[in-house]
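In this note's numbering, the protein residues as written are 56 to 218.
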């Protein structure tokens, strides 16, 4: 399986979700939160240059003169989003596009938040370790058992895991 930004994000969010998604068990079409996120992406990319750029195994939300930008509905899982963006930054840097990263959180009824992300040797090593762990995870015959947490309640896979 070709590792992509979504798998990187899911790995940090939930290893079971990562495994299921990688094995083509996609339940996100039934999720209201996922629909809201998609609408935010559509609004952000409408009539704008350099928005929603698909390249190889990546779907980058936006590239500006200074940044590679990832847009999220909320800051519910900052580590997962940061690692996803670092994955894009690393892959684009290998293609000659070296820019800082920026995450934009567009939470409803809240002030928009921005976070800068820097790709350096330390974050590259962390990303490489993560990619190896994902490869090992995807070799498993069965998905990992669910581990209940607060974020499970809003997850598109909730019914699959618990009902």
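The C-beta atom is built at its ideal place from N, Cα and C for all residues, glycine as well.
- The DSSP assignment places 176-194 and 213-217 as complete runs of the alpha helix (DSSP H) inside the stretch 173-217, in order along the chain (cut-off: 4 residues).
- In this structure residue 195 is exposed. Its beta-carbon is surrounded by fewer than 16 other beta-carbon atoms within 10 angstroms.
- With 16 or more other Cβ atoms from the protein chains shown falling within 10 Å of its own Cβ, residue 60 counts as buried.
- Contact between the stretch 146-157 and the stretch 70-84 is not established, with fewer than three Cβ pairs separated by less than 8 Å.
- Each of 160, 114 and 145 was checked against the Cα of residue 130, and the nearest Cα belongs to 160.
- When beta bridges are read from the DSSP output, residue 114 appears opposite 109.
- Residue pairing by DSSP places residue 155 opposite 122 in a beta bridge.
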